[in-house]
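Engineer: Sharing a structure with you now.
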Amino acid sequence: MVQNHMAAVCPWTKITVFLFAAVQVVGAQEGFVSLLCGGKSNIIEAETKLVWIPDDNYTLYKGEIVLYPSPVEGSQPKPIRQFSSDFKSCYNLTTVKGDLYLIRGSFIHGELYGRPLFDVSIDATVICQVNTSVSALRNEVILTATENYVTYCLIPKRHHGAPFISQLELRPLNRELYTSKDPQKILKMLTRIDLGNNGSVSLRYPNDSFDRIWDGDPHPICGKSISSKTNFSTSDNKVPNQVLQTAKMGSCGKRLELLIDNENQEAKDYLVILYFREVDDKVQVGERVFDIHVNGELMHSHVDILANGTEQYKLLNFEVHAVGGLNISLEGTSKLSPICNAYEAYEIITKKAGTAESDVSALVILRDALLESNPKLLALQSWSGDPCLPILENGQSTSWVGVTCKSDQGRQIVTELDLSCKNLQGQMPSSINNLVNLEKLNISDNKLEGSMPELPNLTRLTSFDIRWNNFKGNFPISIIRLANLTDFRLIGCNPQLNTSIPEGCLKCNYSDKGCEGNSGQKNTQTVVIGGFVGGSVFLLVTVGVMFSCFYRRRKMVDANETPNYKENSIKSFNIEIFTLKGLASATNNYQIKIGEGGFGVVYRGTLADGQEVAVKVRSTTSIQGMREFETELNLLSKIRHENLVPLLGYCPEKDQQILVYPFMSNGSLQDRLYGEAAKRKPLDWQTRISIALGAARGLHFLHTSGERCIIHRDIKSSNILLDQSMVAKVADFGFSKYAPQDGDNNVSLEVRGTAGYLDPEYYSSQQLTVKSDVFSFGVVLLEIICGREPLNIHRPRSEWSLVEWAKPFIQDSNIDAIVDPVIRTSYVPEAMWRVVETAMTSVEPFSVRRPSMEDIVRELEDAFIIENNASQYMKSISGSFRFSMDPKSLPPVAYTPNEPSSVFSETLGSPHPR
């Protein structure tokens, strides 16, 4: 899992998404992923020149590597990767949402390994069963990526051995290759045959630029094989020239039959593609005409493959519903027998809806956080693929270890999490608070320590067990407020945890009796919260006290969050309340879409007075939209600055959440640096400094103006917009927070940010400061200098991270190597060094060593003056720099691709890898 914003969350965060992506092969193989499962080094295949790479970085759980003898005498043993027979194991393949892909898995004969039987799934959908008791086999599917990742999972069947795999391949395809445009459909290949090719060698890359494998004729004695030496190439690459040079001609009564077997005898939907090209140059139009029947039903009549000229090939495809296999019959209706050059057949599978995205995101963030302290824990390594799905035909669950799910409105949700007895160490991540559907939570019998996290979002929680850990500090009051919590197991070996309840709240008797000197005996005493039924005085008093406590607590939290817009009049500035009818008219019924993010869709419109506006409409599926709506409304109704996008108004009519802003005609900084070609108008160096300075002034205003410092929390180039005069304006305040102050207790500051921009110290400590914005802004400065995105896993491995890529060149004083080629010959070195040094100090790993936004504004002002008045100003400053240092002495930056610091699942925008 972006149009206006970078992909929101990717459920394979940090460890997963970064490690799961591989270096893409350059040249003709760009975009190919060829995994040699169990391999130790890159191998170039002699015949195809395909580069096969090890698969270690594509799966969390590594299983074990097994070598099997090669069938070729004298050849080295071949590796396979064998997984556990207890849980599914998944590979993560990086994709581009909306693009078409071929995914192919290969499996050797299973004789040496007990002939295991297992299922293969794509995300939540089972696509096939692998029976390794037969000869070497492969499975192949074609699909449209609906996220920015695809998971390919091996699912063991009970008592049928451990699954394994030898090769896994991902191939990007031309979107026009196959007719099925429904992204919810998967094409499972049954066969792809090069008719007339009677040899044993299959045709594939480089003859087929997409590396589809065209097998030889399976029934060479039926019909007559014919061929042509004419070099016939297709402009669309839908079929290779070599495939069109051979064909099969009918021999019995002008009939040609093609048989497609499918062992499954259930009724299925199929896609069949037939390729035709005349191989006899003497044949004229009308001499080879035929009808096409499938299982006796006429599909196409009077097919003449020369009807469009001799230099064209004909492609016919059709979908049929049938039981078992297909009998395709070409019946001649003219003097010459029908021919066919090649055919493909696919079973059409409908994708299953996956687990609720919010639960997937929350679980993956939790997993990655726990893996930091427990990197070798098998239970966590097994958490891959969809947390709840698929459910096999025999009812066997494939959910993650300790995870229990149930169906809710057509989607699976996570209702129980049992992490007891897992030997977990470290702190309990606060991200567990995002599992909003949890009803039961058990983290007992571990070695968890530190303070317990606040859990105000777990409103469905009925049972909670934290016994036998090492928690300390005060007991979170938010847990007592959970209205449905009736079974709270606290007693037992949390000796440093203060279990007293603040005066005025529900009083319970706690006891740590049995903790010391009784390690083999666990106290199972249960504290019951609520549980009385009826109208007793005790119940009334208890409910009243709890309500009072809750109300006071709510007021305390609200004081530290942005105020609720319903409780505060909006009078600081002229914020207009629009009607739905008025906005529909302004946007011409929402016709022009200009962006989309985690909040919803943004439309362009024009008000009655002629002002152009951007109308941001909250999506009904937006998880955090209400909070973002209220935050933006409250914040922007109280502040104004020329470098902040102003709020013109909002619409609350009929429970809508719609925000209206001025339209920024020059798009975002990201668009202008490396966005779509249509938006990427070159920016000169002087304009870039001006944009950076404007954005810095806007951030400085947020940090220093008003009674409370405001932290943006999602600074990135796509959130810096440019008006008609190229003035930079910071936008998107949905994640903004007031900076914590002394005396603030239990303020919700869950980590937010975007991949490549997120402050590593903020992520690791979960302590938010203004320096988190500084780090993100430092990355933006590097984008301005280099004209490159902060994170790109499709580049060579050493260039994934912009910060890590640029740092060695800066240390060697070789800034020409990193400067955007557009401005490489048109900048003043002194001005460039000011910005470069500011950027590098801003991305220091420790926040105390970063400058303030005030310092950054001063440096950028100096750089702007130098750039405009180069000769005179350089004489006056005599080479002094406020942040001046030898570039070679720049300290190391904590953010590295090996230890990525981002949380994909907490960003604005779209999808989630898993």
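Numbering (our numbering), first residue to last: 1 to 914. Beta carbons are placed, not taken as given, at the ideal position from N, Cα and C, and that holds for glycine. These figures come from a predicted structure and were not determined experimentally.
Note the first and the last residue of the continuous alpha helix (DSSP H) segment covering TRP52.
Structural biologist: Looking at the DSSP string, TRP52 is not in any alpha helix (DSSP H); the run it does join, the beta strand (DSSP E), is 51-54.
Engineer: Which value, in whole angstroms, describes the spacing of the CA atoms of LYS807 and TYR762?
Structural biologist: 21 Å
Engineer: What three-state label does DSSP hand ARG688 in the structure shown?
Structural biologist: helix
Engineer: Excluding sequence positions up to five away, which residues of its chain have a Cβ less than 7 Å from the Cβ of PHE87?
Structural biologist: SER382 and VAL401
Engineer: Consult DSSP for CYS37 and reduce its assignment to one of helix, strand or coil.
Structural biologist: coil
Engineer: Taking the alpha-carbon of LEU722 as reference, which of ILE443, PHE735 and ARG672 has the nearest alpha-carbon?
Structural biologist: ARG672
Engineer: Please state the DSSP three-state secondary structure of ASP886.
Structural biologist: Bear in mind that a pLDDT of 34 at ASP886, under 50, signals an unreliable position, so the model cannot answer this.
Engineer: Using 8 Å as the Cβ pair cut-off and three pairs as the minimum, do the stretch 338-347 and the stretch 187-200 touch?
Structural biologist: yes
Engineer: If we call anything under 9 Å between Cβ atoms a contact, is PRO453 one with ILE480?
Structural biologist: no
Engineer: Using alpha carbons as the reference points, say which of ARG850, SER34, SER202 and ASN231 lies closest to PRO218.
Structural biologist: When only C-alpha atoms are compared, the closest one is SER202.
Engineer: Within the same chain, show all residues whose beta-carbon is closer than 8 Å to that of GLU449, passing over the 5 residues directly before and after it, in chain order.
Structural biologist: GLN425, GLY426, GLN427, ASN469, ASN470, PHE471 and LYS472
Engineer: Is ILE155 helix, strand or coil by DSSP?
Structural biologist: strand
Engineer: Using a Cβ distance threshold of 8 Å, determine whether the stretch 138-153 contacts the stretch 363-380, with at least three qualifying pairs required.
Structural biologist: no
Engineer: Return the chain-ordered list of same chain residues with a C-beta closer than 8 Å to the C-beta of SER619, the five sequence neighbours on each side being excluded.
Structural biologist: PHE599, GLY600, VAL601 and GLY625
Engineer: Closer than 6 Å by C-beta to GLU612: which residues in its own chain qualify, once you throw out the five before and the five after it? Chain order, please.
Structural biologist: THR606 and PHE663
Engineer: Quick one, which of LYS282, GLU30, GLY610 and VAL727 has its alpha-carbon nearest LEU683's?
Structural biologist: VAL727
Engineer: Assuming ILE720 contacts SER668 under a Cβ cut-off of 8 Å, what Cβ separation, rounded to an integer in Å, is found between them?
Structural biologist: 6 Å
Engineer: Using only alpha-carbon positions, find the residue among ARG277, SER251, LEU259 and LYS254 that is nearest to GLN242.
Structural biologist: Ranking ARG277, SER251, LEU259 and LYS254 by Cα distance to GLN242 puts ARG277 first.
Engineer: Determine, using beta-carbon pairs with one atom in the stretch 157-164 and one in the stretch 293-309, whether at least three such pairs fall under 8 Å.
Structural biologist: no
Engineer: To the nearest angstrom, report how far apart ALA931 and GLY698 are at their CA atoms.
Structural biologist: Lying before the first or after the last residue shown, residue 931 is absent from the chain, which here runs from 1 to 914.
Engineer: For the alpha helix (DSSP H) that contains TYR674, what are its first and last residues?
Structural biologist: 669-674
Engineer: If distances are taken between C-alpha atoms only, which option among ILE273, CYS222, THR230 and LYS268 comes closest to VAL239?
Structural biologist: ILE273
Engineer: Confirm, please, whether the CB-CB distance from PRO54 to LEU36 is below 9 Å.
Structural biologist: yes
Engineer: Run through DSSP, which three-state label would TYR91 get?
Structural biologist: Three-state DSSP puts TYR91 in a strand.
Engineer: When burial is assigned at 16 or more other CB atoms within 10 Å of the CB, is LEU791 buried or exposed?
Structural biologist: buried
Engineer: Enumerate in chain order the residues of its own chain whose CB-to-CB distance from ALA322 is below 6 Å, with the five nearest sequence positions on each side excluded.
Structural biologist: ASN295
Engineer: Give me, in chain order, the residues of the same chain whose beta-carbon lies closer than 6 Å to that of LEU482; leave out the 5 immediate sequence neighbours on both sides.
Structural biologist: For LEU482, where only same-chain residues beyond five positions count, the Cβ hits under 6 Å are LEU461.
Engineer: Using 9 Å as the threshold, is the C-beta distance between THR94 and TYR149 below it?
Structural biologist: yes
Engineer: Round the Cβ separation of LEU315 and ILE260 to the nearest angstrom and send it over; I've been treating them as touching at under 8 Å.
Structural biologist: Not confirmed; about 17 Å, so no contact.
Engineer: Would you kindly work out how many angstroms separate the C-alpha atoms of GLN521 and SER842, rounded to a whole number?
Structural biologist: Model confidence at GLN521 stands at a pLDDT of 36, short of 50, so the residue's coordinates are unreliable and nothing is read from them.
Engineer: Under a three-way DSSP split, which group does MET832 fall into?
Structural biologist: helix
Engineer: Determine the burial state of VAL403: buried for a count of at least 16 other Cβ atoms within 10 Å of its Cβ, exposed for fewer.
Structural biologist: buried
Engineer: On a Cα-Cα basis, can you pick out the residue from HIS293, PRO183 and ARG367 that is closest to GLY98?
Structural biologist: For GLY98, the nearest C-alpha among the options comes from PRO183.
Engineer: Should ASP86 be listed as close to the ligand ZN, given that the test is whether its C-beta is under 8 Å from any heavy atom?
Structural biologist: Looking for the ligand ZN in the displayed structure turns up nothing, as the structure carries no ligands at all.
Engineer: Hey, how far is the Cα of GLY734 from the Cα of ILE715?
Structural biologist: Each residue's alpha carbon lies about 11 Å from the other.
Engineer: Mind checking who SER106 pairs with in its DSSP beta bridge?
Structural biologist: ARG138 and GLN167
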